[in-house]
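**Student:** Next up is a structure, given as structure tokens.
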Amino acid sequence: MTLDELRNLDGAKLRYALMDLAKTIPDAIALGRGDPDLATPDHVVVAAKQALAQGVQPLQPVAGMPALRAAIAKRARTDHGLDVGAEQVLVTTGGQEGLFLVMSALLDPGDEILVPDPRYTSYDQAIEHAGGVSVTVPTHPEDAFDLRAEAIESLITPKTKALLLVTPSNPTGGIISREQAEKIAALAKKHDFVVISDEIYGKFVWPPHEHVSIGSLPGMERHTITLSGFSKAWAMTGWRVGYVIAEQNAILGMTAIKGATTGPVANVSQAAALAAAEADDACIEDFKVIYGERRDLLAKGLTDMGLEYTDPRGGFFFWAKSSSTGLRSLELSYLLLKEARVLVFPGTGFGERWSDYLRITTLQPTDVLREAVERMTPVVKRYAAEAAARA
Amino acid sequence: MALAVPLAARVALLQGLAGDGAAGAEATVPASARDASIAALDRGETHYTDRPGILPLRQAVADALRTRHGVEVDAGKGVVITCGVVEARFVAIQQLVPAGSGTVVALSHPERVAAACIVRDVRLVGPDADAHGPALVYLTSDTPAETRDPWLARAADEGWAVVFEAAEESGFHPASAGLADATVTVGGIGAGQGLEAWRVGYLAAPAATAGPLRDFKQSLTLCTTNLSQWGALALMEEHA
Numbered sequence: 001m002t003l004d005e006l007r008n009l010d011g012a013k014l015r016y017a018l019m020d021l022a023k024t025i026p027d028a029i030a031l032g033r034g035d036p037d038l039a040t041p042d043h044v045v046v047a048a049k050q051a052l053a054q055g056v057q058p059l060q061p062v063a064g065m066p067a068l069r070a071a072i073a074k075r076a077r078t079d080h081g082l083d084v085g086a087e088q089v090l091v092t093t094g095g096q097e098g099l100f101l102v103m104s105a106l107l108d109p110g111d112e113i114l115v116p117d118p119r120y121t122s123y124d125q126a127i128e129h130a131g132g133v134s135v136t137v138p139t140h141p142e143d144a145f146d147l148r149a150e151a152i153e154s155l156i157t158p159k160t161k162a163l164l165l166v167t168p169s170n171p172t173g174g175i176i177s178r179e180q181a182e183k184i185a186a187l188a189k190k191h192d193f194v195v196i197s198d199e200i201y202g203k204f205v206w207p208p209h210e211h212v213s214i215g216s217l218p219g220m221e222r223h224t225i226t227l228s229g230f231s232k233a234w235a236m237t238g239w240r241v242g243y244v245i246a247e248q249n250a251i252l253g254m255t256a257i258k259g260a261t262t263g264p265v266a267n268v269s270q271a272a273a274l275a276a277a278e279a280d281d282a283c284i285e286d287f288k289v290i291y292g293e294r295r296d297l298l299a300k301g302l303t304d305m306g307l308e309y310t311d312p313r314g315g316f317f318f319w320a321k322s323s324s325t326g327l328r329s330l331e332l333s334y335l336l337l338k339e340a341r342v343l344v345f346p347g348t349g350f351g352e353r354w355s356d357y358l359r360i361t362t363l364q365p366t367d368v369l370r371e372a373v374e375r376m377t378p379v380v381k382r383y384a385a386e387a388a389a390r391a
Numbered sequence: 001m002a003l004a005v006p007l008a009a010r011v012a013l014l015q016g017l018a019g020d021g022a023a024g025a026e027a028t029v030p031a032s033a034r035d036a037s038i039a040a041l042d043r044g045e046t047h048y049t050d051r052p053g054i055l056p057l058r059q060a061v062a063d064a065l066r067t068r069h070g071v072e073v074d075a076g077k078g079v080v081i082t083c084g085v086v087e088a089r090f091v092a093i094q095q096l097v098p099a100g101s102g103t104v105v106a107l108s109h110p111e112r113v114a115a116a117c118i119v120r121d122v123r124l125v126g127p128d129a130d131a132h133g134p135a136l137v138y139l140t141s142d143t144p145a146e147t148r149d150p151w152l153a154r155a156a157d158e159g160w161a162v163v164f165e166a167a168e169e170s171g172f173h174p175a176s177a178g179l180a181d182a183t184v185t186v187g188g189i190g191a192g193q194g195l196e197a198w199r200v201g202y203l204a205a206p207a208a209t210a211g212p213l214r215d216f217k218q219s220l221t222l223c224t225t226n227l228s229q230w231g232a233l234a235l236m237e238e239h240a
């Protein structure tokens with residue numbers, strides 16, 4: 001695929017086209033997709049093998065294995081302060097399906113949903129499928145991409161049905177601060193809209209910052225649908241287990257839709273997720289140490305090569321500016337892939353107005369990440385020098 | 001919290017349909033599938049797969065369709081591995097019938113597509129009813145010839161899509177009625193052999209048709225469970 005062909009793409013199609021292009025380049029290093037490279041923890045794999053060894057695999061209820069629903073509810077209470085029971089949990093085929101079910105159940109055609117910008121554009125497809133209308137809420141580097149409640153309030157109309165809150169954010173690494181979460185909660189109650197809180201990266205928030213589950217704030221039980229899953233926290237992307245937490249009537253509705261769309265989640269995956277949910281967080285703490293080291297390595301590398309970025313407060317991503325090179329991020333992404341054999345995603349994969357930004361993941365082993373930085377540095381510096389000479 | 005109003009009505013219809021998925025699936029998992037899944041775990045197959053599924057499984061599906069039905073599909077561009085046959089049916093109906101104005105003509109087993117039709121908001125009728133375009137004809141391996149043949153002829157005349165749910169055995173396929181380009185074949189893998197709870201199915205179609213179906217499946221569930229795909233592959237190879 002040529003650069004001109006890529007220019008005709010945006011959102012998920014652009015990201016997948018670049019991933020396909022990277023597959024044609026020998027020894028390309030992928031700093032694109034948000035798939036943790038770390039292995040699923042041993043105790044989870046052992047539990048899956050034990051389930052396999054049982055021989056008989058009964059189909060589970062569409063809403064999920066009862067023990068898993070109970071374990072997720074317990075974690076929601078203890079980890080995030082959400083006052084929920086097992087009947088308020090729906091186990092989904094990854095977080096992606098959870099989002100689809102939420103949008104399908106919540107949105108009428110023409111309903112408006114407020115979506116932070118930039119955003120993981122796969123949200124767009126679920127919203128469009130339900131007939132909803134996305135209204136983007138700008139976020140800014142000077143706020144570390146925190147959402148501003150006043151920006152949200154200015155966009156509320158009688159058609160506003162929901163706000164999508166993604167914390168930590170994909171792609172920016174920003175998080176919702178407690179101050180803004182409290183203001184947004186007040187807006188949700190005042191204007192009677194729902195906050196869909198995607199917390200899939202919630203286990204990875206970097207000190208001194210804290211993860212805030214907006215559903216735990218006073219009076220927000222009726223105004224919050226929480227989305228999360230096992231893919232990122234336990235490095236379980238291939239198992240396809242996510243979940244939705246909401247009021248029971250919403251869960252019953254989404255369960256009915258799920259019965260029509262995919263049916264229950266694979267039961268070995270549910271057995272594995274149960275083992276993850278019931279154990280302590282020691283493995284996640286180990287992951288945090290590893291991801292923290294990588295974050296520091298990549299931060300130094302980007303600084304040394306002269307790419308500006310906002311310190312990520314959570315998650316796996318850096319959101320860096322391409323402007324020092326004099327290139328739009330699509331051009332720079334393409335050149336980095338061709339000349340440095342490193343895949344990063346251009347900002348237009350996450351919203352139309354982000355053509356000067358790159359999303360770069362930390363999801364490679366440290367030595368590979370270091371190699372990627374070494375390959376990128378001379379390319380970035382060369383284009384930056386050319387840009388400086390033209391100026 | 002209020003559900004979307006049109007859907008709330010549809011949810012009531014959905015909840016009236018039988019079953020919560022928990023019944024009738026007690027069966028012993030074949031050793032081949034179990035061992036292949038354990039081996040996959042030992043290899044670290046715990047990450048996303050390619051969004052249409054692992055290529056060896058897509059190739060096995062293409063080979064099976066050729067062997068069982070004489071149908072040629074491109075494993076690379078025409079086969080998508082789904083979360084059971086339920087997702088395959090849903091994706092096909094979502095993408096091939098317009099919401100509101102469309103009709104699904106189920107020539108057999110209407111209960112298998114009833115829920116997907118409710119979610120899509122399309123009319124579901126049987127073979128004795130009249131259908132107005134745009135429509136989709138749904139049939140299965142056990143649809144009687146006297147029922148299917150006139151409807152397939154009409155589908156060919158009207159340019160309607162056909163969704164054929166194939167059994168895991170040799171037999172008829174709409175391609176033999178000249179409808180290869182119009183047909184999306186869907187099926188489960190190992191559902192009758194102890195793998196129903198592994199949630200592996202497929203859809204197969206000409207590449208131009210399969211592309212949008214693959215994209216929609218990706219937006220729904222990204223990909224199908226990794227270790228389930230390896231288990232399903234082992235079972236298909238065992239029965240090839």
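Here the protein sequences come in this chain order: F and Y. Each residue of the first sequence is one higher than the one before, counting from 1 in my numbering. Each residue of the second sequence is one higher than the one before, counting from 1 in my numbering. Glycine residues also receive a C-beta, built at the ideal position from the N, C-alpha and C atoms.
#1: Closer than 8 Å is the cut-off here; do at least three beta carbon pairs connect the region 178-192 of chain F with the region 347-367 of chain F?
#2: Which residues in chain F sit within 7 Å of Ile38 of chain Y, going by Cβ to Cβ distance?
#3: List in chain order: all unbroken beta strand (DSSP E) runs of 3+ residues lying wholly within the region 105-150 of chain F.
#4: Figure out for me which residue from Y:Gln94, Y:Ala145 and Y:Val86 has the closest Cα to the Cα of Gly201 of chain Y.
#5: So, helix, strand or coil for Ser243 of chain Y, using DSSP?
#6: By the criterion of Cβ-Cβ separation under 8 Å, what are the contact partners of Met236 of chain F in chain Y?
#7: Are the C-beta of Glu196 of chain Y and some C-beta of chain F separated by less than 7 Å?
#8: Figure out for me which residue from Y:Gly84, Y:Ala106, Y:Gly171 and Y:Thr143 has the closest Cα to the Cα of Ala135 of chain Y.
#9: So the candidates are F:Leu99, F:Thr157 and F:Arg375; which of them puts its Cα closest to the Cα of Thr221 of chain Y?
#10: Buried or exposed: where does Arg89 of chain Y fall if 16 or more other Cβ atoms within 10 Å of its Cβ makes it buried?
#11: Report the rounded CA-to-CA distance for Arg178 of chain F versus Asp111 of chain F, giving the unit in angstroms.
#12: List the residues of chain F whose Cβ lies closer than 8 Å to the Cβ of Pro8 of chain Y, in chain order.
#13: So, is the C-beta of Gly84 of chain Y closer than 7 Å to a C-beta in chain F?
#14: Using a cut-off of 8 Å between C-beta atoms, extract the partners of Gln364 of chain F located in chain Y.
#15: Any beta carbon from chain Y within less than 7 Å of Glu285 of chain F's own beta carbon?
#16: What is the rounded straight-line gap between the Cα of Tyr138 of chain Y and the Cα of Pro127 of chain Y?
#17: Going by C-alpha distance, which of Y:Arg120, Y:Met1 and Y:Thr224 is nearest Asp50 of chain Y?
#18: Thinking just about the alpha-carbon of each residue, which of Y:Ala234, Y:Ala182 and Y:Gly84 is nearest to the one in Val97 of chain Y?
#19: Give, in chain order, every unbroken run of the beta strand (DSSP E) that is at least 3 residues long and sits entirely within the region 114-151 of chain Y.
#20: One question on the structure: do Ile245 of chain F and Val212 of chain F come within less than 7 Å of each other, judged by their Cβ atoms?
#21: Go through the region 220-268 of chain F residue by residue and report every complete run of the alpha helix (DSSP H) that reaches 4 residues or more, in order.
#22: Let me know if Asn8 of chain F comes out buried or exposed under the rule of 16 or more other beta-carbons within 10 Å of its beta-carbon.
#23: Near Asn226 of chain Y, which residues of its chain fall below 6 Å by C-beta distance, leaving aside the five closest residues on each side in sequence?
#24: Out of F:Pro66, F:Val89 and F:Met65, which has the shortest C-alpha to C-alpha gap to Ala76 of chain F?
#25: According to DSSP, is Gly188 of chain Y helix, strand or coil?
#26: Could you tell me whether the Cβ atoms of Trp319 of chain F and Ala276 of chain F are closer together than 7 Å?
**Tutor:** Let me spell this out:
#1: no
#2: In the second sequence, counting from the first residue as 1, residue 38 of chain Y sits at position 38. Simply Lys49 and Leu52.
#3: 112-117 and 133-138
#4: Residue numbering aside, residue 201 of chain Y sits at position 201 when the second sequence is read from its first letter. Of Y:Gln94, Y:Ala145 and Y:Val86, the residue nearest in Cα terms is Y:Val86.
#5: Outside the shown range of chain Y (1 to 240) lies residue 243 of chain Y, about which nothing can therefore be said.
#6: The count along the first sequence starts at 1 and reaches residue 236 of chain F at position 236. In chain order: Thr46.
#7: Residue numbering aside, residue 196 of chain Y sits at position 196 when the second sequence is read from its first letter. Yes, contact with chain F.
#8: Counting from one through the second sequence, the residue named residue 135 of chain Y turns up at place 135. Nearest C-alpha to Ala135 of chain Y: Y:Ala106.
#9: Taking the first residue of the second sequence as position 1, residue 221 of chain Y is located at position 221. Taking only the C-alpha atoms, the option nearest Thr221 of chain Y is F:Leu99.
#10: In the second sequence, counting from the first residue as 1, residue 89 of chain Y sits at position 89. Result: buried.
#11: Within the first sequence, residue 178 of chain F is the residue found at index 178, counting from 1. Within the first sequence, residue 111 of chain F is the residue found at index 111, counting from 1. Straight-line Cα distance between these residues: approximately 28 Å.
#12: If you number the second sequence from 1, residue 8 of chain Y lands on position 8. One detail in the question is off: residue 8 of chain Y reads as Ala in this sequence, not Pro. By Cβ distance, chain F contributes Gly253.
#13: What you label residue 84 of chain Y is simply residue 84 of the second sequence in a count that begins at 1. It does: the Cβ of Gly84 of chain Y has a partner Cβ on chain F nearer than 7 Å.
#14: Translated into positions along the first sequence, residue 364 of chain F becomes position 364. Result: empty, since nearest Cβ-Cβ is about 13 Å, beyond 8 Å.
#15: Residue mapping note: residue 285 of chain F aligns to position 285 of the first sequence, counting from 1. No, Glu285 of chain F does not count as interfacial toward chain Y.
#16: Start at 1 with the first residue of the second sequence, and residue 138 of chain Y comes out as number 138. Start at 1 with the first residue of the second sequence, and residue 127 of chain Y comes out as number 127. Going by the C-alpha atoms only, they are around 10 Å apart.
#17: By one-based count along the second sequence, residue 50 of chain Y stands at place 50. For Asp50 of chain Y, the nearest C-alpha among the options comes from Y:Thr224.
#18: Counting from one through the second sequence, the residue named residue 97 of chain Y turns up at place 97. Per the Cα distances, Y:Ala182.
#19: 123-125 and 135-140
#20: For the purposes of this step, residue 245 of chain F is taken as residue 245 along the first sequence, with counting starting at 1. For the purposes of this step, residue 212 of chain F is taken as residue 212 along the first sequence, with counting starting at 1. Contact: no.
#21: 248-261
#22: As a first step, residue 8 of chain F must be located in the first sequence, where it is residue number 8. So Asn8 of chain F counts as exposed.
#23: Start at 1 with the first residue of the second sequence, and residue 226 of chain Y comes out as number 226. The residues are Glu45 and Thr49.
#24: In the first sequence, residue 76 of chain F corresponds to position 76, counting from 1. If we check each option's Cα against that of Ala76 of chain F, F:Val89 comes out closest.
#25: Mapped onto the second sequence, residue 188 of chain Y falls at position 188. In the structure shown, Gly188 of chain Y sits in a strand (DSSP, three-state: E or B).
#26: If you number the first sequence from 1, residue 319 of chain F lands on position 319. If you number the first sequence from 1, residue 276 of chain F lands on position 276. Not in contact: Trp319 of chain F and Ala276 of chain F (Cβ atoms no closer than 7 Å).
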